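Accompanying notes for the structure given below.
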Amino acid sequence: MLHKLFSYFIPINIYKKKSSISETIEVTWNNGELVIDSKNTNYSYGSLQRILRKGLKYIGFERIKKFDNVLLLGVAGGSVIKTLVEEIKFKGKITGVEIDPAMIEVANTYFKLNEIPNLNIVIDDAFEFVLKTKETYDLIIIDVFQDTTMPNFLFEDFFINRVNFLLRKDGFILFNTMVINDGNRERNLNYKNKFNGNYSLRMYPKVETHNELFTIKKLH
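Residue numbering for the sequence shown follows the working numbering, beginning at 6 and increasing consecutively.
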C-alpha cells in the first residue's frame, strides 16, 4: 500500500471528520501505522497504544488473561482493546464506554471494533456510566480525555470512590493521565494520596514524555 510506504517519510491523512465532542477526528498513516488523532493529541494507536500497553504489562499479561470482566472508560479508536484481544488473548467480557459516537463510527470503519465478539460498546458519559452500572470488574482502564485536557470529575472523591466500589478484590485500575504543567503534577500527587492501605498504588512518570500512569490494586 503506497499510503503506508510514504507515511515513513511524511504523515498521510486519509480521513477527517468534524465531531461536536472531539472537534476534529483524523485517521492518518504515520510511520507505517494507522492512527487516530484529535486536533492536538494522539487518540488511539501510535503513542497511546504504546502507553496503555506498558500499563497492561506492568499489571501482567498472564494475570489479565485470567480476569473475567474488563471496563474501559474512554474507547476512542480502541487500541487498548486490540492489545487485550490480539496480544493478551483476553477472552472475558470487555465493556467500552465512549461519549463520542463519531469516534466509534471511525473505529468501526478503520479498526473493525464491531467485529470483536467479546466487546460491548456503550455510548455514554464515563461519569454517568459508573453511577448506573450494576456490574463489578477485575480491571478498570480510565483513559478519558478531551483533546489534551482531562475532565475534573476524574480526580474528585465521589468518582474515585465509586470506581473503587466497582473494582473486585485483587482487581486493578489502570489510569492514564497527562502531565504538562505544575498544576497537573500537583493534581496527580493529590490523587495518589486518596488511596489508603486497602490499595497498592504505583506511579509511572514520563511514559512517552507527557503521560503518567497509575496502577492501583485493590487488596481488601
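For glycine and all other residues, C-beta sits at the position ideal for the given N, C-alpha and C.
Quick caveat: nothing in here was measured; it's all calculated off a predicted structure.
Three or more pairs of CB atoms, one per stretch, sit closer than 8 Å, so the stretch 91-107 contacts the stretch 126-135.
Counting C-beta atoms within 10 angstroms of its own C-beta, Phe116 has 16 or more neighbours from the protein chains shown and is therefore classed as buried.
Around the CB of Asp42, 16 or more other CB atoms lie within 10 Å, so the residue is classed as buried. The Cβ atoms of Ile121 and Val90 lie closer than 9 Å to each other. By the neighbour-count criterion, in which a residue is buried when 16 or more other Cβ atoms sit within 10 angstroms of its Cβ, Asn35 is buried.
When DSSP states are grouped into helix, strand and coil, Asn198 belongs to the coil group. Bridge partners of Leu172 according to DSSP: Tyr142. Beta-bridge analysis with DSSP links Met183 to Asn216.
Approximately 6 Å separates the beta-carbon atoms of Ile99 and Ile86; this is inside 8 Å, confirming the contact.
By the C-beta density criterion, Thr88 is buried, having at least 16 other C-beta atoms within 10 angstroms. Only buried fits Ile30, as 16 or more other CB atoms lie within 10 angstroms of its CB.
Judged by DSSP in its simplified three-state form, Pro210 adopts strand. Counting along the chain, the unbroken alpha helix (DSSP H) around Val85 starts and ends at Ser84 to Lys87. In this structure, Ile165 lies away from Thr220, with their beta-carbon atoms at least 9 Å apart. Of all alpha-carbon atoms in Asn18, Leu57 and Phe200, the one lying nearest the alpha-carbon of Leu224 is that of Phe200. Ranked by Cα distance from Glu38, the first of Lys23, Glu28, Ile26 and Asn18 is Asn18. Counting only runs of at least 3 residues, the stretch 53-141 fully encloses the following beta strand (DSSP E) elements, listed from N- to C-terminal order: 74-78, 98-103 and 124-128.
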